[in-house]
Amino acid sequence: MKKFLPVIVIAIAIVVALAGNAYSATQPPLPAQAGAPAQLILTWSANNFYPSDYEGKALPAGGATVNASLEVAQGGKLQDVKNVPITWYLDSEYFVRGAGLKHTTFTVTKRKGDAHSLRTVANLPGGDSEATAIVPVVNREVVIETPYRGVSAPHGKPLVFRAVPYFFNIASLAELTFSWTAGGDTQSASGDNELSVNLDNVQNRGTFPVSVGVRAFRSPLESASDAITITINP
């Protein structure tokens, strides 16, 4: 019996090895085992109002909701992380955690000039990976647009001014009121973000001041203003 024992042990080892190879051949590689290191892509944007032709980043003012998203890339492809534990931290404090939690939101509580820090950690099979982002806080703004900003306007020609708001916590212009002042005359507050001035009725030549104040009627603390002075040709 003793002389056959090595043969039996070798046979068992071969069977185990073949079984292991068969198992590994049927399992897809885990993200951390595919060779290239995993890369976390963290993005964010503020859920507030800005013009449709605005090409910059949507920045948050106080009280805004920020949407944050995470993707995991490896080998040039986005990975499925629905079972990966993902933890979010806001300003160095634990915020939320969940399996496959690629999206979260938070409300801005800081003021202009300050910033929120955002960090996310993904517990990948090959080890933890993390990404960070800084979310700067800005003021709400309004800009008076006119073809004659910085150049002279001809006398006797109607001028149109348009108030363009940025970063208010609203869904549409219908949630704002605009208060215009042109040449010292104050207009009644309304929902109209455009003002037309007939220069035939302007007696003075030289400079002509125009200003606008904008306020969210559901949240009066959300406001902004702008003022310009145009030059009128004789």
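Residue numbers for the sequence shown, in mature numbering (1 follows the signal peptide of the UniProt record, and there is no 0): -24 to -1, 1 to 210. The beta-carbon is built from N, C-alpha and C at its ideal position, and this holds for glycine as well.
query: Are VAL118 and VAL188 touching if we call contact CB-CB under 9 Å?
result: yes
message: Using 9 Å as the threshold, is the C-beta distance between VAL72 and ALA98 below it?
response: no
Residues of its chain near ASN169, where Cβ-Cβ distance is below 7 Å and the 5 sequence neighbours each way are ignored: Take ASN169, set aside five residues on each side of it, and the residues of its chain with a beta-carbon closer than 7 Å to its own are ARG138, ALA139, LEU149, PHE154, in chain order.
- prompt: Roughly how many angstroms lie between the CA atoms of GLY52 and LEU16, to the nearest whole one?
  reply: 12 Å
query: Taking C-alpha atoms, which residue in ALA12, LEU18, ASN24 lies nearest to ILE146?
result: ASN24
field: Three-way DSSP call (helix, strand, coil) for GLU151 in this model
entry: helix
message: Taking the straight line between their C-alpha atoms, what separation do you get for GLU47 and GLY74?
response: 15 Å
task: Flag this pair as yes or no: are the beta carbons of ARG87 and SER199 separated by less than 9 Å?
output: no
Exposed unless 16 or more other CB atoms sit within 10 angstroms - verdict on PRO112: exposed
message: Once the 5 residues before and after ILE208 are set aside, which same chain residues still bring their CB inside 6 Å of it?
response: Only ALA129, HIS131, ARG181, PHE184 meet the Cβ criterion.
Backbone secondary structure at ALA10 - three-state DSSP: In this predicted model, ALA10 has a pLDDT of only 49, less than 50, meaning its place in the structure is not dependable enough to derive any value.
query: From HIS92 to LEU175, what does the alpha carbon distance come to, in whole angstroms?
result: 48 Å
Straight-line gap, GLY160 to GLU121 (C-alpha atoms, nearest Å): 19 Å
query: beta strand (DSSP E) containing VAL97: first to last residue?
result: 91 to 100
message: Quick check: the Cα distance between VAL84 and LEU152, rounded to an integer number of angstroms?
response: Approximately 21 Å between the Cα atoms of the pair.
message: Contact defined as beta carbons within less than 8 Å: I believe PHE143 pairs with ALA37. What is the distance between those atoms, to the nearest angstrom?
response: 5 Å
Bounding residues of the beta strand (DSSP E) (the contiguous stretch that carries PHE137): 135 to 142
Sheet register partners of SER199 (DSSP bridge): ARG191
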